Structure formats: C-alpha cells, structure tokens
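Counting in our numbering, the final residue of the sequence shown is number 681, and the numbers go up one at a time with none missing. We put the CB at the ideal spot given by N, CA and C, even for glycine. Every value quoted in this text rests on a predicted model; they were computed, and no experiment measured them.
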Amino acid sequence: MGNTFSSSNALHVQLTKPYYSAGEMLEGVVALNCINQLSTSGIQVEIIGYEETYYSVNTTTHSSFDDDAFNTAGTRTQQGHLDFFRVAMPLGPPGTLSPGQYQFGFKLQLPESLPPSFHHMWGGDRGDIKYKIRAFVEKSGFDIKSETEVIIVDQPVTTGPVGNAAQQNVTMCCCMGQGSAFVQANLEKGCYSRGESINVLVQARNNTSSNFDAINLNLKRMVVFSASSNGYNQSKNSKVAASAAVQGLSPGESAEGSLARRAVLQVPMDCPPSANGRIVQCIYILEVELKGGMGLSAVKTQVPLRISSSVAGGAGAVQLQPPDGWKPTQVFPTVDIPSPQQQPQMMVQQPQQSQSQYQYQQQQAYQQPPQDQVQVMPQQMMMNPPQQQQQEQQPQVMMQPMQGSAPMAPASFYQPPPNPPIV
Numbered sequence: 259m260g261n262t263f264s265s266s267n268a269l270h271v272q273l274t275k276p277y278y279s280a281g282e283m284l285e286g287v288v289a290l291n292c293i294n295q296l297s298t299s300g301i302q303v304e305i306i307g308y309e310e311t312y313y314s315v316n317t318t319t320h321s322s323f324d325d326d327a328f329n330t331a332g333t334r335t336q337q338g339h340l341d342f343f344r345v346a347m348p349l350g351p352p353g354t355l356s357p358g359q360y361q362f363g364f365k366l367q368l369p370e371s372l373p374p375s376f377h378h379m380w381g382g383d384r385g386d387i388k389y390k391i392r393a394f395v396e397k398s399g400f401d402i403k404s405e406t407e408v409i410i411v412d413q414p415v416t417t418g419p420v421g422n423a424a425q426q427n428v429t430m431c432c433c434m435g436q437g438s439a440f441v442q443a444n445l446e447k448g449c450y451s452r453g454e455s456i457n458v459l460v461q462a463r464n465n466t467s468s469n470f471d472a473i474n475l476n477l478k479r480m481v482v483f484s485a486s487s488n489g490y491n492q493s494k495n496s497k498v499a500a501s502a503a504v505q506g507l508s509p510g511e512s513a514e515g516s517l518a519r520r521a522v523l524q525v526p527m528d529c530p531p532s533a534n535g536r537i538v539q540c541i542y543i544l545e546v547e548l549k550g551g552m553g554l555s556a557v558k559t560q561v562p563l564r565i566s567s568s569v570a571g572g573a574g575a576v577q578l579q580p581p582d583g584w585k586p587t588q589v590f591p592t593v594d595i596p597s598p599q600q601q602p603q604m605m606v607q608q609p610q611q612s613q614s615q616y617q618y619q620q621q622q623a624y625q626q627p628p629q630d631q632v633q634v635m636p637q638q639m640m641m642n643p644p645q646q647q648q649q650e651q652q653p654q655v656m657m658q659p660m661q662g663s664a665p666m667a668p669a670s671f672y673q674p675p676p677n678p679p680i681v
C-alpha cells in the first residue's frame with residue numbers, strides 16, 4: 259500500500275493467514291488510519307460468499323420475408339450472480355474519532371458446509387465461487403471502504419475404497435454380436451488432492467472372439483455454468499484432465515486377482531476443485547474403458563470422484579504483512595461474529611457461543627509499538643458517542659437468493675441440485 263495508508267484516512271482488512279478451511283475459525287482485524295477528527299455513524303464488517311458466471315450461448319433467430327423463411331445464427335451473453343452466505347456485524351459504535359490508528363478485531367466460525375473457492379475459464383466463459391470481507395466506516399459524504407478476498411479450501415474427505423463395474427454385450431459394426439466383456443475399477447478412496455496420485459486396480463474379462471487393444475483410463479472433468487438456479491441455457495465444457503493406459507485383453511483372456519492390471523494417474527496441480535453450486539458446478543469421474551479395434555464397441559465403467567482444493571503434501575505458512583506505517587495506538591476488543599448454524603426464517607439471528615478460546619495474537623500480524631503507547635479499552639470508552647442512548651449492537655445474518663430464483667438456503671444447509679451427467 260506504500261505510504262497511502264499512513265498519510266490519509268484509510269481502512270485496511272488484515273487476516274491472520276492467506277486461506278482458511280470450511281469449519282475453521284476465520285480471524286483478522288480492520289485497521290483504520292485517521293489523520294484528522296472523524297465523525298462516524300458506525301464501523302461495520304461484512305463477509306459474503308457468492309457464485310458468479312459469465313458466458314455466451316448460441317442462438318438461432320427465425321424470421322420470414324414474403325414466402326421465404328430465414329434462420330440467423332448468433333450468440334447471447336448470459337450472466338448469473340447468487341449470494342449464498344452473508345453475515346454482517348458492527349465493530350465500533352457511532353461517535354467521533356480523534357486522529358490516530360485504530361484496530362478492530364473480529365473472528366467468525368466458518369460453517370462446515372461452505373463450498374471451496376473456485377475459478378475456471380475457457381474461451382470467454384468464466385465461473386467463480388468467491389468470498390469477500392468488506393469493511394466500512396460510515397460517515398457523511400463518501401464512506402471509507404476496504405475489501406479483501408478470502409480463499410476457502412476444502413480438506414480431503416476421508417472415504418473408504420470406491421469402485422464400479424460393468425458387463426456389456428460387444429458388437430462389431432453395431433449389429434454383429436461378438437460376446438460379452440466385463441470391466442471393474444477399484445480405487446483406494448473417493449477424494450483426492452491436487453498433485454496426488456490415483457492408484458487404480460482394473461479387473462477385466464474378455465468373453466469375446468475379438469481383441470481389446472488397451473484398457474484406457476481417463477480422469478474426466480465437466481464444468482457447467484448457469485445464469486440462474488433453474489439450469490436453463492447452460493454452458494458446458496468437458497475435458498480429460500489426466501489419462502493412462504495399460505495392456506489390453508486377447509480373446510478369452512481374464513485379468514483378475516493376481517493378474518489384475520494396475521495404473522496410476524496424477525491429479526494436475528491446476529485442476530479446479532469439485533464444485534456443486536447452484537450456478538457453478540464442476541464434476542469429476544474416472545472412466546475405465548476396454549478399447550478394441552475399429553468398429554468394435556467399447557466396454558466402459560465410471561467412478562465418481564471428488565477433487566479437493568487442498569494440495570498434496572500441504573503448503574508452507576505465509577506471513578501476511580500489515581500496511582506500511584501501521585502502529586496502532588488504540589485497540590478495540592475482538593468481536594465474535596455469530597455463524598449461521600440453523601436455517602434462519604428472519605434477517606437477524608442471535609449470536610451463539612464461540613467454540614474457540616483462542617485469543618488473537620496481535621503480534622503475529624502487526625509490529626506493535628511499545629506497550630506504554632498502546633491503549634486497550636472497552637468500545638464505549640474509545641469514542642465520544644452522542645448523548646442519546648445507543649442501541650445494543652445486533653448482528654445481521656442474511657441469506658439472499660437471486661431475484662427470480664428459488665429461496666436460497668443458508669451456508670450450513672447448502673443443498674445444490676443433482677449433478678448433470680458426464681458424456
């Protein structure tokens with residue numbers, strides 16, 4: 259931020275680390291630099307989670323002139339935006355601030371069910387699942403504002419072994435029967451991190467008179483964007499994210515038990531995570547296929563997988579730096595923002611008791627001035643409030659559906675529609 263922060267009335271949102279997991283305690287501070295006396299009607303912090311899409315769809319316009327009919331091809335831009343999580347909380351009461359640097363701490367227990375942050379583009383189409391923290395100093399004229407993005411990652415889900423099998427009749431040139439074939443794929447688990455290896459055990463039987471040249475394995479990804487939760491006018495993109503091949507089967511050959519084929523695929527580091535939102539979806543399957551020569555029908559089975567946004571082996575901690583010139587002289591108590599744990603029927607929900615006893619360690623994020631220069635005071639003593647009685651601060655917990663769509667459930671009841679099939 260250079261010297262801009264310390265030389266003007268400015269606001270800055272500082273988090274304790276660059277990313278958080280769903281279910282974790284999100285913690286940070288709002289830093290306010292005040293170079294002259296400032297009258298404010300309050301200081302607010304707001305945390306928002308939303309889905310957003312932008313894409314083009316092909317269109318056909320039918321028209322006629324005299325006895326002639328015409329079809330004109332074109333494109334139409336579709337955009338979608340859907341808030342699925344929103345909480346807001348006052349951090350400071352109305353009053354007058356003297357020149358100085360003020361620090362307002364906050365923390366929020368993130369719901370376990372929050373979807374991970376997501377971003378994917380192909381061509382001019384894009385889709386996002388994002389989280390932002392916005393802070394406001396409300397005053398006459400223009401408010402002082404600051405905004406920062408929060409990265410939410412999902413940890414790999416512990417699952418048991420998964421698999422699927424198929425037995426199909428095999429034909430040549432669509433009509434001449436060749437017998438049947440069987441293929442089964444077994445995996446150690448159903449959820450993998452980016453960069454992790456997928457070990458696949460393939461068992462197969464070739465009860466035909468034809469040769470299967472190879473057993474192909476493909477990790478397929480289908481990304482679907484919609485402009486609204488009804489799913490109309492979708493943009494779909496299918497891609498093979500990783501592939502492998504093992505030895506095929508000759509006529510009458512069986513590869514089972516100790517003769518089973520083994521293959522390894524690695525999840526690419528740039529894979530977007532699985533997402534099952536209302537307007538942003540990303541689905542993965544592992545497809546195992548017995549592939550024969552030209553004209554011979556294939557035999558295939560599919561195993562649904564989940565790809566986590568975490569990275570195999572973890573990542574080193576990153577120390578976030580405060581803005582230049584930050585030496586707070588007045589520190590407000592940390593505000594515990596209540597997390598919506600049950601589906602609200604109204605716009606305001608009472609706070610619940612925090613499950614964490616962790617106290618924000620301010621020295622980890624900021625270089626503190628000497629203790630005798632820092633004043634830690636109750637909120638009501640930090641400002642010069644108006645004479646009238648101040649109302650008790652109440653949190654705002656809002657779950658707002660997109661206009662024209664079905665009502666949206668809160669984050670902890672996030673129930674997206676069924677996955678579209680991958681073809």
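Range covered by the beta strand (DSSP E) that runs through residue i
i	result
W584	No beta strand (DSSP E) contains W584, which DSSP labels as neither H nor E.
K497	S493 to L507
E242	Outside the shown range of the chain (259 to 681) lies residue 242, about which nothing can therefore be said.
Q302	G300 to F323
T333	D326 to G350
I293	Unbroken run through I293: none, as it is neither H nor E.
A485	Unbroken run through A485: none, as it is neither H nor E.
S566	V557 to V569
G244	There is simply no residue 244 to check, as the chain begins at 259 and stops at 681 in what is shown.
M434	M434 to L445
K549	V538 to G550
N464	S455 to T466
V686	Residue 686 lies beyond the stretch modelled for the chain, which goes from 259 to 681, so this question has no answer here.
K365	G358 to Q367
G353	G353 to L355
Y277	Y277 to S279
A518	From DSSP, A518 is part of no beta strand (DSSP E); its letter is neither H nor E.
M379	F376 to W380
Exposure label - residue i; buried when at least 16 CB within 10 Å
i	result
T466	buried
K478	buried
H203	Nothing in the structure corresponds to residue 203, since the chain is present only between 259 and 681.
R536	buried
S375	buried
T354	exposed
N474	buried
Q425	exposed
C431	exposed
C433	exposed
T335	exposed
Y389	buried
E239	Lying outside 259 to 681, the shown extent of the chain, residue 239 is not represented and no answer is given.
V271	buried
S297	exposed
G699	Here the chain comprises residues numbered 259 to 681, so residue 699 is not present and cannot be evaluated.
Q337	exposed
F364	buried
D412	buried
D383	buried
S265	exposed
A462	buried
L517	exposed
F400	exposed
P644	Because the pLDDT at P644 is just 38, under 50, the model does not fix this residue reliably, and the value given afterwards should be weighed accordingly. Label assigned to P644: exposed.
P591	exposed
Integer-rounded CB distance, given that residue j should sit under 8 angstroms from residue i
i	j	result
K494	V482	5 angstroms
Q295	S371	Rounded, the Cβ-Cβ distance is 45 angstroms, inconsistent with contact.
C292	N267	6 angstroms
I410	Y278	6 angstroms
A443	V460	6 angstroms
N491	A499	Going by Cβ atoms, the distance from N491 to A499 rounds to 26 angstroms, so no, they are not a contact pair.
S532	I543	That pair is no contact at about 11 angstroms.
L269	L290	6 angstroms
L366	I305	6 angstroms
M391	V303	Sequence check: residue 391 is Ile here, not Met. The pair is a contact, with the Cβ atoms about 7 angstroms apart (cut-off 8 angstroms).
P598	P369	7 angstroms
F362	G350	6 angstroms
S299	E454	Rounded, the Cβ-Cβ distance is 51 angstroms, inconsistent with contact.
Proximity test, residue i beta-carbon vs the ligand NAP heavy atom, cut-off 8 angstroms
i	result
V395	In the structure on display, the ligand NAP does not appear, and there are no ligands present to speak of.
Meets three-Cβ-pair contact criterion under 8 angstroms: the stretch 516-523 and the stretch 399-418: no
Contact between the stretch 402-412 and the stretch 327-338: three or more CB pairs below 8 angstroms? Not touching, per the Cβ criterion.
Check whether the stretch 346-361 touches the stretch 311-326, taking contact to mean three or more Cβ pairs, one atom from each stretch, closer than 8 angstroms. no
Do the stretch 552-570 and the stretch 443-450 meet, that is, are 3 or more Cβ pairs less than 8 angstroms apart? yes
Using a Cβ distance threshold of 8 angstroms, determine whether the stretch 578-590 contacts the stretch 543-555, with at least three qualifying pairs required. no
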